[in-house]
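Here's the structure we're looking at; comments come further down.
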Amino acid sequence: MEDLREITKNVSKTTAVLLAALTIVTVALLVASFIVPPTGKIDPSALSAAGEIFAFATLWVVREAIKEGMSIKAQHGNTSIEVGRDGDEEAK
3 MEDLREITKN VSKTTAVLLA ALTIVTVALL VASFIVPPTG KIDPSALSAA GEIFAFATLW
63 VVREAIKEGM SIKAQHGNTS IEVGRDGDEE AK
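Residue numbers (the working numbering): 3 to 94.
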């Protein structure tokens, strides 16, 4: 629990409330998806839009992690990407 407090100590109250609200809405939509019968086919454009939202969210998290001095490594198949601040101590 102490680690979670350390990670979230710089999060503003507005951001915390927004995160909590979005989490509640997400869980409600997930539960509703199991209860409500499907009404038809999911259009591929909706899937593309969801993928783009996830991609931008991931980029934001990577940006914040780099600001905190962390390094990130992603690997998929033969592709590997590593992002970080090697030797850039003055940027903090």
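Beta carbons: idealized from backbone N, C-alpha and C, even for Gly.
In this structure, DSSP gives Lys43 a state outside helix and strand, which the three-state scheme calls coil.
Secondary structure note for Val85: its beta strand (DSSP E) is the uninterrupted segment 81 to 85.
Per DSSP, Lys75 lies in no alpha helix (DSSP H); the unbroken beta strand (DSSP E) holding it starts and ends at 74 to 78.
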